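In the UniProt record's numbering, the protein residues as written are 1 to 104.
Yeah, the Cβ is synthetic: ideal placement off N, Cα and C, and Gly gets one too.
Quantities reported herein were computed from a predicted structural model and do not represent experimental measurements.
Here's the structure we're looking at; comments come further down.
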């Protein structure tokens, strides 16, 4: 029983220390985003790996590095709408349409 408690405490400590390890409330979108960002930062942070990828893609290393850094902003696409956000999103879309002159 003590081993189970110790294991659970260790897991909670690791989850608090390292954001990418997730927690029970982590959504699949958040998990994918963490995995993609970890991968991109690893490639950018290891020059030999970046050079290998640049060679394989036939791109300059500096250009590939910039592309990977840009991809880190939203690597898994925009976040899915949360419950309760739908009316706010609809109102924002309508306001954007009206301000651009396309609204009724």
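Whose CA, out of the options, lies closest to the CA of residue i?
i, options, result
"residue 68", "53, 80, 79", "53"
"residue 37", "70, 8, 12", "70"
"residue 34", "45, 72, 82", "72"
"residue 107", "66, 25, 24", "With the chain running from 1 to 104 in the structure shown, residue 107 is simply not present."
"residue 62", "75, 46, 77, 76", "46"
Let's test the definition: count the other Cβ atoms within 10 Å of the Cβ of residue i and tell me whether it reaches 16, buried, or not, exposed.
i, result
"residue 5", "exposed"
"residue 64", "buried"
"residue 103", "Per-residue confidence for residue 103 stands at a pLDDT of 45, beneath the threshold of 50, marking its modelled position as unreliable; the derived number appears in the next sentence. When all chains shown are included, residue 103 counts as exposed."
Under the assumption that residue i contacts residue j (Cβ atoms under 8 Å), give the Cβ distance between them as a whole number of angstroms.
i, j, result
"residue 14", "residue 7", "The Cβ separation is near 11 Å, so there is no contact."
"residue 75", "residue 18", "Their Cβ separation, rounded to whole angstroms, is 18 Å, which puts residue 75 and residue 18 out of contact at 8 Å."
### Task
Report yes or no: do the stretch 51-59 and the stretch 18-31 share at least 3 C-beta pairs separated by less than 8 Å?
Segments in contact, no.
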